[in-house]
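Below: the structure, in structure tokens.
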Amino acid sequence: MTAALLGLECEWVEVSDELKFFWHRPSWAAVEEQSADPETVRIFLNGCFDLMHVGHFNALRQAKRLFFQQGYKKVVMLAGIHSDEAITRQKGPPMMSDNERVAVLEATKWVDEFVTHLPYVSMSSQMADALRVRWICHGDDMPICKDGGGMYSDAIEHGRFQMLKRTEGISTTQIIERLLRQQGLGSGCEAEAMETALATTQRLGQFAAPADPEQGVKLLTSAKHVVYVPGIFDLVHPGHVSILQHAAKLGDYLLVGLYSDETVRQHRGTPPVLTMLERAMAVLSTRWVDDVVLGVPWKITKDLLATMNIKTVVVGRPPDGLESEQCLAEKEQMSVARAEGLLTELSSSFAVSSEALKQRFIARSGAFLDRNSKLFEKELAYVSTKSYVPEA
Ligand code: CTP
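The working numbering puts the first residue of the sequence shown at 7, with every later residue one more than the last.
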């Protein structure tokens with residue numbers, strides 16, 4: 007596993023017999039300098055980050071913003087990601103492999119360093135010391151480890167824990183429940199719980215803002231070369247991340263065009279698993295996207311190209327042999343961009359697509375059904391007792 011994107015070094019750390027992991031960090035000198043600087047705070051947030059969604063992104067976003075709001079000039083986010091093995095033991099098999107989950111996490115604009123191969127045990131103050139972090143953060147759903155202990159009990163006891171608002175209406179469990187329902191296998195659990203994440207205009211603005219408040223917002227009006235990537239961007243995966251990363255290099259402003267849920271349903275037969283607003287917040291969480299147009303036309307028009315001053319249109323090539331019918335349809339969708347000489351095709355460096363993920367899910371739906379039967383009820387129990395936690 008490499009941290010090529012962030013140019014980090016990798017170190018194996020053993021905190022105790024049960025807590026060992028890889029730490030992807032800058033040089034020791036840089037870490038020590040940050041630790042000694044009173045205007046810098048180093049923080050940690052861990053998770054499974056499976057089928058990475060707006061709830062995960064929002065937790066990372068909030069944690070960082072909270073400390074900027076407290077007056078720090080620099081907030082360094084260390085994201086800890088549990089291993090496939092740890093997740094399988096705690097919750098059941100993840101949908102995405104270690105490498106796939108790490109690739110999406112690394113592409114997230116609020117992440118500065120990360121920890122991989124993390125076991126599902128107490129995230130202790132001893133661990134915080136080893137990583138030179140002051141705070142360990144988590145949403146207000148407090149996880150229990152297999153040994154019955156609270157994952158954050160030790161960090162709370164030592165005054166090192168920061169609670170965040172958990173984002174309503176979405177989780178890996180809920181996404182799996184949505185996928186199961188599409189197969190007619192839903193849990194049948196009825197509860198008055200939100201079924202999608204809410205998107206207030208303020209929340210959308212927070213996702214669109216740069217990770218560091220000192221950094222100015224990039225404006226379309228100042229862009230010299232707008233690159234446009236239209237798509238569905240359902241269930242964010244490394245293929246999406248790779249195409250966005252490469253597309254961004256073709257200009258100085260990356261604009262994503264998202265199809266509405268209804269447009270996707272009309273053209274693909276089923277609506278996406280994530281709503282358009284959930285998909286928008288997810289793509290805005292990557293390092294490269296400057297803005298998103300919501301509900302773009304399925305077929306690119308001259309009007310759209312002129313309105314947004316688009317100089318390059320990027321279309322990703324699906325992994326070999328996949329979706330040839332879809333490729334033909336795509337030719338028609340992109341015909342105006344092609345005729346204008348603006349179209350660029352990019353191959354993704356990851357052989358994964360949303361459709362392949364859905365097929366992976368269908369092939370293993372029995373295992374996911376088992377996984378979700380307990381976890382979904384647990385989540386609904388959390389929803390029924392939750393109280394107001396302000397969002398940062
Ligand atoms: N998180 C959040 N809001 C959500 C989901 C997760 O704030 N809707 C936060 C968690 O509180 C945690 C981090 O994201 O701080 C990683 O959580 P993780 O366990 O990976 O996510 P879930 O989606 O809750 O996973 P599952 O459904 O498998 O329990």
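Ideal placement from N, C-alpha and C gives every residue a C-beta, glycine not left out.
Open item on the list: From the DSSP secondary-structure annotation, give me the bridge partner or partners of N52.
Closed with: G86
Task: Nearest-angstrom beta carbon gap, A109 and S130 [assumed within contact, 8 angstroms] - done: Going by Cβ atoms, the distance from S130 to A109 rounds to 28 angstroms, so no, they are not a contact pair.
Open item on the list: Output needed for L111: all residues of its chain with C-beta closer than 8 angstroms, excluding positions within five of it in sequence on either side, in chain order.
Closed with: F55, M58, A85, I87, V117, F120
Open item on the list: For ligand 1, I want to know if S177 counts as a neighbour, meaning its beta carbon is within less than 7 angstroms of at least one of the ligand's heavy atoms.
Closed with: yes
Task: Own chain, CB closer than 6 angstroms to M200, minus 5 neighbours either side, in chain order - done: E174, G175
Open item on the list: Quick check on D218: does DSSP put it in helix, strand or coil?
Closed with: coil
TODO: Please name the residue in A229, G211, V320 whose C-alpha comes closest to that of L283.
DONE: G211
Task: Separation of L14 from K230, as counted between CA atoms - done: 31 angstroms
- [ ] Please go through the stretch 127-155 and give each complete alpha helix (DSSP H) segment of 4 or more residues, from N-terminal end onward.
- [x] 131-136
Task: M282 (DSSP reduced to helix, strand or coil) - done: helix
TODO: Can you give me the Cβ contacts of H246 inside the same chain, cut-off strictly under 7 angstroms, excluding the 5 residues immediately before and after it?
DONE: F239
Open item on the list: Among the candidates T202, K224, L349, Q75, whose CA atom is the shortest distance from the CA of D297?
Closed with: K224
Open item on the list: Is T173 close to ligand 1? I mean its beta-carbon at under 7 angstroms from any heavy atom of the ligand.
Closed with: yes
Task: Extent of the continuous alpha helix (DSSP H) run through S353 - done: Here S353 belongs to no alpha helix (DSSP H); instead the beta strand (DSSP E) covers 349-353.
Task: Secondary structure, beta strand (DSSP E): runs of 3+ residues fully inside the stretch 153-237 - done: 167-170, 232-237
Task: Contiguous beta strand (DSSP E) assignments of at least 3 residues, all confined to the stretch 257-304 - done: 259-264, 297-300
TODO: Could you tell me if S393 is buried or exposed, where buried requires 16 or more neighbouring beta carbons within 10 angstroms of its beta carbon?
DONE: exposed
Task: Contact test: F399 Cβ vs ligand 1 heavy atom, cutoff 7 angstroms - done: Residue numbering for the chain in the displayed model covers 7 to 398; residue 399 lies beyond these limits and cannot be assessed.
Task: For W29, three-class secondary structure by DSSP - done: strand
Task: C-beta atoms of T318 and V233 nearer than 8 angstroms - done: yes
TODO: Going by DSSP, name the residue or residues bridged to E20.
DONE: K26
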